Structure formats: C-alpha cells, structure tokens
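Asks: Encoded as structure tokens, here's the structure I'll be asking about.
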Amino acid sequence: MADALSVIPPAVLRNLSDKLYEKRKNAALEVEGIVKQLATAGDHDKITSVITLLVKDFTMSPQANHRKGGLIGLAAATVGLTADASQHLDQIVPPVLESFADQDSRVRYYACEALYNIAKVVRGDFIVFFNQIFDALCKLSADSDANVQSAAHLLDRLVKDIVTESDQFSIEEFIPLLRERMNVLNPYVRQFLVGWITVLDSVPEIDMLGFLPDFLDGLFNMLSDSSHEIRQQADSALSEFLHEIKNSPSVDYGRMAEILVQRAGSTDEFTRLTAVTWINEFVKLGGDQLLPYYAAILGAILPCISDKEEKIRVVARETNEELKQIKTDPSGGFDVGAILSVARSQLASTCEGTRIEALQWMLTLLKRHRSEVLAFLNDIFETLLKALSDHSDEVVLLVLEVHACIAQDESNFRQLVVFLVHNFRVDTTLLEKRGALIIRRLCVLLEAEKVYRELSKILEGQADLDFASIMVQALNLILLTSSELSKIRNLLKQSLVNPAGKDLYLSLYASWCHSPIAIISLCLLAQAYQHASSIIQSLVEEDVNIKFLVQLDKLVHLLETPAFAYLRLQLLEPGRYVWLLKALYGLLMLLPQQSKAFKILRTRLKTVPSYSFNDEQFIKRTSSSGNSYSQYHGSRGGIYEDGDIEEKPQTLQNELNFSSMLKQFQQMQLQHRSVSMKQSINQSSSSSSTIQDDVHQREDERINVTGPAGAPEISRPPSRTSFRGF
Numbered sequence: 005m006a007d008a009l010s011v012i013p014p015a016v017l018r019n020l021s022d023k024l025y026e027k028r029k030n031a032a033l034e035v036e037g038i039v040k041q042l043a044t045a046g047d048h049d050k051i052t053s054v055i056t057l058l059v060k061d062f063t064m065s066p067q068a069n070h071r072k073g074g075l076i077g078l079a080a081a082t083v084g085l086t087a088d089a090s091q092h093l094d095q096i097v098p099p100v101l102e103s104f105a106d107q108d109s110r111v112r113y114y115a116c117e118a119l120y121n122i123a124k125v126v127r128g129d130f131i132v133f134f135n136q137i138f139d140a141l142c143k144l145s146a147d148s149d150a151n152v153q154s155a156a157h158l159l160d161r162l163v164k165d166i167v168t169e170s171d172q173f174s175i176e177e178f179i180p181l182l183r184e185r186m187n188v189l190n191p192y193v194r195q196f197l198v199g200w201i202t203v204l205d206s207v208p209e210i211d212m213l214g215f216l217p218d219f220l221d222g223l224f225n226m227l228s229d230s231s232h233e234i235r236q237q238a239d240s241a242l243s244e245f246l247h248e249i250k251n252s253p254s255v256d257y258g259r260m261a262e263i264l265v266q267r268a269g270s271t272d273e274f275t276r277l278t279a280v281t282w283i284n285e286f287v288k289l290g291g292d293q294l295l296p297y298y299a300a301i302l303g304a305i306l307p308c309i310s311d312k313e314e315k316i317r318v319v320a321r322e323t324n325e326e327l328k329q330i331k332t333d334p335s336g337g338f339d340v341g342a343i344l345s346v347a348r349s350q351l352a353s354t355c356e357g358t359r360i361e362a363l364q365w366m367l368t369l370l371k372r373h374r375s376e377v378l379a380f381l382n383d384i385f386e387t388l389l390k391a392l393s394d395h396s397d398e399v400v401l402l403v404l405e406v407h408a409c410i411a412q413d414e415s416n417f418r419q420l421v422v423f424l425v426h427n428f429r430v431d432t433t434l435l436e437k438r439g440a441l442i443i444r445r446l447c448v449l450l451e452a453e454k455v456y457r458e459l460s461k462i463l464e465g466q467a468d469l470d471f472a473s474i475m476v477q478a479l480n481l482i483l484l485t486s487s488e489l490s491k492i493r494n495l496l497k498q499s500l501v502n503p504a505g506k507d508l509y510l511s512l513y514a515s516w517c518h519s520p521i522a523i524i525s526l527c528l529l530a531q532a533y534q535h536a537s538s539i540i541q542s543l544v545e546e547d548v549n550i551k552f553l554v555q556l557d558k559l560v561h562l563l564e565t566p567a568f569a570y571l572r573l574q575l576l577e578p579g580r581y582v583w584l585l586k587a588l589y590g591l592l593m594l595l596p597q598q599s600k601a602f603k604i605l606r607t608r609l610k611t612v613p614s615y616s617f618n619d620e621q622f623i624k625r626t627s628s629s630g631n632s633y634s635q636y637h638g639s640r641g642g643i644y645e646d647g648d649i650e651e652k653p654q655t656l657q658n659e660l661n662f663s664s665m666l667k668q669f670q671q672m673q674l675q676h677r678s679v680s681m682k683q684s685i686n687q688s689s690s691s692s693s694t695i696q697d698d699v700h701q702r703e704d705e706r707i708n709v710t711g712p713a714g715a716p717e718i719s720r721p722p723s724r725t726s727f728r729g730f
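Going by the numbering used here, the first residue of the sequence shown is number 5, and it counts up by one from there.
As structure tokens, then:
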C-alpha cells in the first residue's frame, strides 16, 4: 500500500473519488500512465500495490463516488498493463464482478464499462472468468435501470465475440450454468439465454447439439412466452437444431423424446405443433433408439390426432402411421404391454378420433403379436366391453372387430359371449341402443350360426328370466330382419328336411321358449306350422298380456316383410298349408280387433284364394286329433307337417319330438308366470288381507264367467273342421 502511495500523487487519488465524472476520468488517465511506466520498468510489485489500493480504498469503499473511481482506475490500470494484464487479472476482475450487485445503479453501470475495457485488453485471457461473467451478465440483462441494461448489452456482445474466437472456452463447464437458468420466466433473461445458445451453436468447434437435451425443455418453454420476439427467437433456434439433427450421424434421441412427449401435451397450440413436428422427425430418424420410448410417444400422439388445430392433427396422423410402419419385435425391446396400456387409457378419451386410433392399435398388435397381446387380455378385456357402450357407432364397430380378433380362440369366444350377455343384463340401455348393431356385427365377424348357438346356450340357463325373455326377443328380431343373418334364416327354413337346419332349430328352441312370440316366430320360420298352432293354443290367460300383444304386433308387421315372402306365397295353397292358416288365424284371434295389426293380418288372410281349398283333404288333415300330436307321427315315426305330403322320404330323417318340445315350452312359461307372480307380490304395498280379497274377487269372477249350474258355458274355440269356412 505504501508503495502505491509513493507512486500515485495524492491529488490523483482525490480526483479519482470526485463526484464529477471528468475529474475521475482524468485521474484514471493518470493511473494508466503510472501503471504503464511501472510495467515498462517491470516493477510488478508496485503494480500489485496500486491495484490493491484501488480495490481496498476505492471499490470496497462505502462511498459511491469512491467505488466509481475505483472501477475506472482498475480499467485504466489494465489498459496501462497491456500485454502484462493477464498476470494481474485475479486481482482486477473479482472486485469488478462484485460491483455488478451494487445497490447504486451508477456503480453497476461503471462496473459494466470497466469490465468492457478490461475485456478489450485481455481478450482470450478473459475466458477463465467466463462462468462468473456469464452469471453477472444474466442478472444485469434484467436490471431495473435502462442504462445498466444498455451497458450490459454492449459488454455481452463483446464477451460473445471473445468466446467465439477463443479456443479456451469449455462448453462442458458452461452447460450446467445454462441449464440452471433455462426455466427463468423473465423475458430479458430469456432473450439473453437464447442469444447465447444461438451464438454458441454457430461456432463449428462447439458441439451444442450434443448438449441439446440439457436445454431443449427450456427452449420449448419459451415457445409459449407472451413476447412475440422471444417466441420467434426460440422457434428459430429450435428450427436450426432440428435441421442439424437431420444431418447429424449420431443424436441422443431418447433423452429428447421424453421432453417432446411432455411438450406435446402443452396447453399452448404452437408448443404442441412444434413438439409433434419434432416427434414426427424423430420417428423417421430415430429407429431402434426410440423403442424404449415407443409407448410414451404413442401416448403423446394419440390425443393430438383429435386436436382442434388442423395442422397438429395432420402431423399427428402422419406420425401415427409412421409408428405403425416400424418393424417391432418383443425380443428386441418392444413392450407390447406398454403399448396396450396406452391404447386402453386412450379409450377413455373424450375425442372419437383418438378412441378409434387406440382401437386400431389394438388390432395392429393382435395381428402382429397375438400371443403377447393375449397374455394381457385380463388387463384390457373389461375396458373393451365398456367401450361397447360408446356413443359412436364407428368406435363400437371397431371394438367388435377387436373382440372378434380375440375370440378366434374358442375359449376366448365363449368368454366374449358370456361377458357380452352379462353386460346386456346389467346395462339394459346397451341392449336397447347397441344390441342390434353389436349382434349383427359379431355375426359378420365370427359366423352368425356360431354366435347364435352360443347365445342360445347361455340364455337357456339364464337365471334372470325377465332378462332372458327380453334378450331372446331382441335376438329373434335381429334373426328375422338382418341381412347378415339371411344364411341361417334359409337354413332354419329347411329344419324339417335338412339335418343341419334341424340341429340349428333345436339349438335355438330351448332359449327361444323364454318368449312365446319368439318361439312362434321360430316355428313359422322353420315351417313347423302345426307346432306353431299348438303353441298358440297352449297359451293361457297370463301369457296374453300387454308385453305379449306388443310383441305380437311386431310379428304381424314382420310377416309383411321380404323375410316371410315364402310364407305368404304358401297361402296360395291353403289346402296344402292348413296348419299355417290355423296358426295365422290363431294369432288373429289373440289380437284386439281395433288394433292395426289385426286389420293387417285380417286383410292378408282375406286374400287367401278360396278356389284352391280341398275340403276333403282339409278335413282329413285336421280332424284326426285336434291339438294332439298323433298326426305328426307315421308308422315309421316320421314327421308330417304342412306341405310334406309328397316329401315323406325327406322328412323321415328329421325326427323331432314336438310333443316333448311343447311340454318344454309350457314348463318354461310356467316358470315365467311363477316369477311374475312373485314380483307382483313383492312390489305390492297392500296388506295380506287385501291380497286375500283379491283372491276372492278372482274366484267370484270365475263364477260369473262360467255362470250358475245348468247355464250355457262361455263360447269355446271353434272346432278344427270349422276352418273349412275360410
């Protein structure tokens, strides 16, 4: 210190701390000359003393003017040292950097000016302090004082020039510093950081691409900045990096893929578009590197397929197709379970397009890796069943296609139908709204006869009789109306002459017994007209209720459809199809006379040509045993139905025990009546005495119907011979 005082006049020291800038400037010039003389003389000890004096007595002074003078003095000393300045940088630079945090904005301004002058002198030797300088500049870029910001920008440009021409800059040491600041929200700091990233990336000797994963997320974060300029700068930087990636032989796709997946779900539209665009390029370029991230990428792309922005949808769909084209192998790291998990989760999406693509992925996996997919069947099966209730028909059809693909195995087929029936039972709206669509599509995908046989087998043993009846009615309507089931309709029409038709008829019969109208429809379809007539006459009062009449109304309308054209044509030969006429008249007698169905059926029956009746043949075929089945069995046990007078050799091979089948139907209906009675009792809020009164009332009604002893009974049904009058 004493050496410094001996070489620097007191007047210079006084002026160096003066409040006037001009005096401080002149004093600094004096210091520069003194240091230059000392450097020429090689007296570095005294130079050290001078610098120490400037630091302790000036830059560390509580007086702002002293600190300003000290900063100017240090810059002047550096200029005076010229080539020898590097020897004293450890003394000169730290106090200047500390001044960047000074409370006085003018001191901060002079610190920028001082460091600028120092950097101009030492150039590359300056790099050893780069991290500290960068940290200081980062803070100053957001300084509250505009003059300080301006000075910091000038210093920043100079430092960038020095770094780009220096071979001492260490990118490895700089990246952690950059990474720490990338999530700062201050717009000035963001501009500062993007500027540095762009500059360093332009230097051929600096491999910024290799460190891109460290700051990529921060750049994407800036894409949603409120400042258009910052968004533009970040986008420009990202575009340049993507271009470099396309031309680089080695890129760390994995780490960046994780970042892109997160950004693809951003609420900012521009960020999503950029992220999806990057993912698209990665899928094309990444190859095997992306296998561990395949599921995550798919999870990011599927929601974007339904994005409100068309550009995002287009890129997402293209990327989705690219993913499907990649050849995958579970043994090579492709995780089928993870992909299935993503597809399953996306089935819960509110967007139809996303749900459709998720199902397409399931189909793709089933075709390529069937055994691996089936190993996860328990994880996805319930979700697939729930998807059958989707409000979109296209989604439901695809779900059915997935189910059908799974059900190619017999055990899975059985499981599918069982679960399907269960879903119909617990969700009646599913049966009402989607039942026909689901059943028809399954019949196309899995063979109609197989589906109907399995459904019938399950419904035959269904404990919930009400549901079984509803389900059978639905299946029967589909059977009679759907073009997809035309083959099994044709097969059922041959039930009396074809073993395959007979077998199908029997497989459906037991479950169809749950519904009187369904079983009558089945008999009409199978041309078992006498059995249909017997079933109609076996119905009791409880069977003919509102539900029955509604179903009967539908059947009458169905009789006018193309599916029953053969039946209507058979009415041209009433003498040959006597039991058909009796069955139809039986239905007519059950209908209320004022109903539309009654008028339709009566009109149809009125058109039956009377000229073709063979009265003798009619009486012969109908008078033998009334409702009994003796006319069904010939001497060889054959079956004789309408139209088979000349076809006995064919029908003999299709022996059907219609008497036993009628009993089966009656027993099933008895169970339904019993359940219905129990339900009525349970639902009734009346007391036991009220129920007893109801029983007495019914008895009284019965007495009134039959009348007193000796009175004529209520009219009985007409005898079989009365059909001659038709």
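Backbone N, C-alpha and C fix where the C-beta goes; we use that ideal spot for every residue, glycine too. Quantities reported herein were computed from a predicted structural model and do not represent experimental measurements.
1. Kindly indicate which three-state DSSP category P208 falls into: helix, strand or coil?
2. Leaving out five residues before and five after E703 in sequence, what residues of the same chain have Cβ atoms less than 8 Å from its Cβ?
3. What is the rounded straight-line gap between the Cα of V318 and the Cα of D394?
4. Relative to the alpha-carbon of R259, which residue among D218, E285 and S684 has its alpha-carbon at the smallest distance?
5. Which one of S230, R276 and D211 has the shortest CA to CA distance from S254?
6. State buried or exposed for E705, treating a residue as buried only when at least 16 other CB atoms are found within 10 Å of its CB.
7. Give every residue of the same chain whose Cβ lies closer than 8 Å to the Cβ of A452, excluding the five residues on either side of it in the sequence, and list them in chain order.
8. Please state the DSSP three-state secondary structure of M226.
9. Whole angstroms are fine: how far does the CA of Q534 sit from the CA of G638?
10. Determine, using beta carbons only, whether C517 and M672 come nearer to each other than 8 Å.
11. Rounded to whole angstroms, what is the Cα-Cα separation between K331 and M366?
12. Classify H676 as helix, strand or coil using the three-state DSSP reduction.
13. Output the boundary residues of the alpha helix (DSSP H) element that contains F471.
14. Under the assumption that I521 contacts Q555 (Cβ atoms under 8 Å), give the Cβ distance between them as a whole number of angstroms.
15. CA-CA distance, E414 and L420?
16. Return the CA-CA distance between Y570 and L463, expressed in angstroms with no decimal places.
17. Which one of L595, A530 and S486 has the shortest CA to CA distance from D507?
18. Which residue from H373, V455, R372 and T354 puts its Cα closest to that of L404?
19. Whole angstroms are fine: how far does the CA of D221 sit from the CA of S353?
20. Can you give me the C-alpha to C-alpha distance between K328 and P296, rounded to a whole angstrom?
21. Need the endpoints of the alpha helix (DSSP H) that Q237 sits in, please.
22. Determine the contact status of V340 and L381, defining contact as a CB-CB distance below 8 Å.
23. How many Å lie between V39 and T52 at the Cα?
24. Quick one: Cα of L594 to Cα of L401, how far?
25. How far does the alpha helix (DSSP H) with R457 in it extend, from its first residue to its last?
26. Just confirm the distance between the C-beta atoms of V560 and A601, as a whole number of angstroms; I'd bet it's less than 8 Å.
27. If you draw a straight line from the alpha carbon of S499 to that of Y513, how long is it in whole angstroms?
28. Helix, strand or coil, according to DSSP, for H535 in the structure here?
29. Tell me, to the nearest whole angstrom, how far the beta carbon of L758 is from that of A15; I am working on the premise that it is less than 8 Å.
30. Run the CB neighbour count on P307, radius 10 Å, all protein chains shown included, and call it buried at 16 or more, exposed below.
31. Give the straight-line distance between the Cα atoms of D171 and S243, rounded to the nearest whole angstrom.
32. In the structure shown, what three-state DSSP assignment does D256 receive?
33. Hey, out of K288, V422, T275 and R321, whose CA is closest to F385's CA?
34. Quick one: what does DSSP say V125 is sitting in, helix, strand or coil?
35. Taking the beta carbon of N708 as the centre, do at least 16 other beta carbons fall within 10 Å, making it buried, or is it exposed?
36. Among L496, I604, P613 and R606, which has the Cα closest to the Cα of G579?
Replies: Taking the geometry as given:
1. In this structure, P208 counts as coil in the three-state DSSP scheme.
2. Because the pLDDT at E703 is just 46, under 50, the model does not fix this residue reliably, and the value given afterwards should be weighed accordingly. Excluding sequence neighbours, E703 sits near nothing in its chain.
3. Roughly 25 Å separates the two Cα atoms.
4. With distances taken between Cα atoms, R259 lies closest to D218.
5. Nearest C-alpha to S254: D211.
6. Any reading at E705 must be qualified, since the residue scores a pLDDT of 46, below 50, and its modelled position is unreliable; the value itself is stated next. Classified as exposed, E705 has fewer than 16 neighbouring CB atoms from the shown chains inside 10 Å of its CB.
7. Excluding residues within five positions, the ones whose Cβ falls inside 8 Å are E488, L489, K491 and I492.
8. M226 carries a helical assignment under DSSP once its states are collapsed to helix, strand and coil.
9. Per-residue confidence for G638 stands at a pLDDT of 35, beneath the threshold of 50, marking its modelled position as unreliable; no derived number is given.
10. Yes, the pair counts as a contact, with Cβ atoms nearer than the cut-off.
11. Roughly 16 Å separates the two Cα atoms.
12. Correct three-state label for H676: helix.
13. Unbroken alpha helix (DSSP H) run through F471: L469 to T485.
14. Going by Cβ atoms, the distance from I521 to Q555 rounds to 4 Å, so yes, they are a contact pair.
15. In this structure, the straight-line span from the alpha carbon of E414 to that of L420 is close to 10 Å.
16. So the two alpha carbons sit approximately 29 Å from each other.
17. Minimum Cα-Cα distance from D507 among the listed residues L595, A530 and S486 corresponds to A530.
18. Of the candidates H373, V455, R372 and T354, the residue whose Cα lies closest to the Cα of L404 is V455.
19. So the two alpha carbons sit approximately 26 Å from each other.
20. Their backbone Cα atoms lie some 15 Å apart in a straight line.
21. Run containing Q237: H232 to K250, per the alpha helix (DSSP H) assignment.
22. Taking 8 Å as the cut-off, the beta carbon of V340 is found no closer than this to the beta carbon of L381.
23. V39 and T52 have their alpha carbons spaced roughly 10 Å apart.
24. One C-alpha to the other measures close to 40 Å.
25. Per DSSP, R457 belongs to the alpha helix (DSSP H) from A452 to E464.
26. About 4 Å separates the CB atoms of V560 and A601; that is less than 8 Å, so the two are in contact.
27. Just so you know, the alpha carbons of S499 and Y513 end up roughly 12 Å apart.
28. Looking at H535 - three-state DSSP - the assignment turns out to be helix.
29. The structure shown does not extend to residue 758, since the chain is modelled only from 5 through 730, so no value can be given for it.
30. Buried, since its Cβ has 16 or more Cβ neighbours within 10 Å.
31. Separation of D171 and S243 (C-alpha to C-alpha, rounded to the nearest whole angstrom) is 27 Å.
32. In the structure shown, D256 sits in coil (DSSP, three-state: anything other than H, G, I, E or B).
33. Of all alpha-carbon atoms in K288, V422, T275 and R321, the one lying nearest the alpha-carbon of F385 is that of V422.
34. Helix at V125.
35. Residue confidence is low: N708 scores 42 on pLDDT, short of 50, so the model does not pin down where it sits. No coordinate-derived value is stated.
36. For G579, the nearest C-alpha among the options comes from P613.
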